[in-house]
Amino acid sequence: MTNALEPALATAPSARTHAAPLRRPRLGFLGVGWIGRNRMEAIAKDGCAEIAAVADAQADACEAACAMAPGAASLRSLDALLERDLDGLVIATPSALHARQAEAALARGVAVFCQKPLARTAEETRGVIDAARRADRLLGVDLSYRRTAGMQRIRELVSAGEIGDVYAVDLVFHNAYGPDKPWFRDPVLSGGGCVIDLGIHMVDLALWTLGFPRVEAVSSRLHAGGRRLALPSAVVEDHAVAQIDLAGGCVARLACSWNLPAGRDAVIEANFHGTRGGASFRNVGGSFYDFVAERFDGTRAIPLASPPDDWGGRAAVHWARALANGGAFDPEIERLTEVAAVLDAIYER
1376 MTNALEPALA TAPSARTHAA PLRRPRLGFL GVGWIGRNRM EAIAKDGCAE
1426 IAAVADAQAD ACEAACAMAP GAASLRSLDA LLERDLDGLV IATPSALHAR
1476 QAEAALARGV AVFCQKPLAR TAEETRGVID AARRADRLLG VDLSYRRTAG
1526 MQRIRELVSA GEIGDVYAVD LVFHNAYGPD KPWFRDPVLS GGGCVIDLGI
1576 HMVDLALWTL GFPRVEAVSS RLHAGGRRLA LPSAVVEDHA VAQIDLAGGC
1626 VARLACSWNL PAGRDAVIEA NFHGTRGGAS FRNVGGSFYD FVAERFDGTR
1676 AIPLASPPDD WGGRAAVHWA RALANGGAFD PEIERLTEVA AVLDAIYER
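Position in the sequence shown (first residue = 1) + 1375 = my numbering.
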């Protein structure tokens, strides 16, 4: 993305009111590379919203998006999008732009659904959430693994106490390839390396599944090219391990990486160990998309979920449906500051 997508921040909220439920809210899509188009396709397929406009600095990306939504206007900037009388904006741009772009939309009374991370730091994250609260507009973030069938079932088990008191969680996300865009490796633009790219999903899954217990301590060790980084670092990490101590005695252990020789495309796992059993969520055969979930009872593995499971766009669809039903601020998003604070602690910033 170029700076053409950066907004001139609005200074006053829109005078529009949102008391009545909306029907087929008008959506704009800022950033329509692969992930942006994927979320757009999911919302269009559901039929819960109108794809009104798209914007991207790359003309070919806009062309591909408009081929999927022929009635959508093709634009080049956020400012142009915000002139289109939108009800909601879906953001899939480089991470450094997320907070400013989200705040600009919210200041105009436009609800926001943003790719993760919502912002680079906990302070920036709080700023966006404060903007959504002031505007009383719906704010969502694409923490998509929450919407997998497997993690939904595991959370139900844990919440019901069916595996007893959870005392340990093992979290893994190794991507054998790593990002292909240079901005990912610039900490100013990305906010960090594999932790903020991949580890954020796993930290979120652990806290969300456990009901967001208080975080008591965080320790970490980060590497780049096999060499340990002194923290805070001006170099992004490609490998990280961290320990997160939670209230009640539970400990979560995280390992994540880019470009790790793992013998497969990806290793993605969240394993919950309780006093009466366990539960496991993991990818199948190195897939980024196919997952199984099982409950463990001694030596028995009891299936909870398995492919196929078309989960990728569910978070976006959930947000769009909530927007169609009024789109007021949902205070549940405030929990995201706790995830961001853990990442800050991992980075020692």
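Heads up, the beta-carbon is just placed ideally off N, CA and C, and yes, glycines get one too.
Q) Would a C-beta distance cut-off of 8 Å place Gly-1661 and Ile-1538 closer than the cut-off? A) Their beta carbons are not under 8 Å apart, which means Gly-1661 does not touch Ile-1538 by this criterion.
Q. Nearest to Asp-1766 by alpha carbon, out of Cys-1441, Ala-1417, Arg-1451, Asp-1511?
A. Shown here, the chain extends from 1376 to 1724; a query on residue 1766 therefore has no answer.
Q: Label Ile-1677 either buried or exposed according to how many other C-beta atoms from any shown protein chain fall within 10 Å of its C-beta, with 16 as the threshold for buried.
A: Counting every other CB atom within 10 Å of its CB across the protein chains shown gives Ile-1677 a total below 16, marking it as exposed.
Q | Beta-carbon proximity of Leu-1456 to Ala-1551, cut-off 8 Å | A | no
Q. Are the beta-carbon atoms of Leu-1728 and Leu-1629 separated by less than 8 Å?
A. The displayed coordinates of the chain run from 1376 to 1724. Any statement about residue 1728 would go beyond what the structure contains.
Q) If we call anything under 8 Å between Cβ atoms a contact, is Ile-1619 one with Val-1659? A) no
Q) If you pair each beta-carbon of the region 1697–1707 with each one of the region 1575–1583, do three or more pairs fall below 8 Å? A) no
Q: Would you give the residue range spanned by the alpha helix (DSSP H) that Tyr-1722 belongs to?
A: 1711–1722
Q.
With the cut-off set at 8 Å, would you say Ala-1467 and Ala-1482 are in Cβ contact?
A. Here Ala-1467 is not near Ala-1482, since their CB atoms are 8 Å or more apart.
Q. Can you tell me the Cα-Cα spacing of Asp-1613 and Arg-1398, whole angstroms?
A. 44 Å
Q: Mind the definition here: the region 1436–1454 touches the region 1405–1420 only if three or more C-beta pairs lie below 8 Å; say whether that holds.
A: yes
Q | Cβ contact (3+ pairs, closer than 8 Å) linking the region 1471–1481 and the region 1444–1452 | A | no
Q) Do the CB positions of Pro-1588 and Asp-1572 come within less than 8 Å of each other? A) no
**Q.** CA nearest to the CA of Met-1577, picked from Leu-1718, Arg-1603, Ala-1486, Gly-1601
**A.** Nearest to Met-1577 by alpha-carbon distance, out of Leu-1718, Arg-1603, Ala-1486, Gly-1601, is Leu-1718.
Q.
Measuring only the C-alpha atoms, how far is Ile-1721 from Cys-1631?
A. 12 Å
**Q.** Where Glu-1458 falls: helix, strand or coil (DSSP)
**A.** coil
Q: Under 8 Å Cβ to Cβ from Ala-1419, same chain only, skipping five residues before and after it: list those, please.
A: A distance below 8 Å between beta-carbons, with the five flanking residues on each side excluded, links Ala-1419 to the following residues of its chain, in chain order: Ile-1426, Met-1443, Ala-1444.
Q. Could you give the residue range of the beta strand (DSSP E) that holds Ser-1452?
A. It is not in any beta strand (DSSP E) - Ser-1452 carries neither H nor E in the DSSP assignment.
Q | Opening and closing residue of the alpha helix (DSSP H) in which Asp-1505 lies | A | 1497–1510
Q: Enumerate in chain order the residues of its own chain whose CB-to-CB distance from Arg-1501 is below 6 Å, with the five nearest sequence positions on each side excluded.
A: Thr-1712
Q.
Per the DSSP calculation, Val-1653 is bridged to which residue(s)?
A. Just to set this straight, residue 1653 is Gly in the shown sequence, not Val. Gly-1653 pairs with His-1648, Phe-1671.
Q) Which two residues bound the contiguous alpha helix (DSSP H) that contains Pro-1413? A) The residue you asked about is not Pro; residue 1413 is Asn in the sequence shown. Taken as a continuous stretch (DSSP letters only), the alpha helix (DSSP H) holding Asn-1413 covers 1409–1421.
Q | DSSP state of Tyr-1542 mapped onto helix, strand, coil | A | strand
(Q) Let me check understanding here. Comparing Cα to Cα, which of Gly-1687, Ala-1627, Val-1642 lies closest to Trp-1409? (A) Gly-1687
Q. Do the CB positions of Gly-1525 and Leu-1679 come within less than 8 Å of each other?
A. Cβ atoms of Gly-1525 and Leu-1679: closer than 8 Å.
Q: Compute the distance between the beta-carbons of Pro-1492 and Ile-1575, then report whether it is under 8 Å.
A: yes
**Q.** Cβ neighbour criterion (16 or more within 10 Å) applied to Thr-1523
**A.** buried
Q) Where does the unbroken alpha helix (DSSP H) through Thr-1708 begin, and where does it stop? A) A quick correction: the sequence has Ile, not Thr, at residue 1708. No alpha helix (DSSP H) holds Ile-1708; DSSP gives it neither H nor E.
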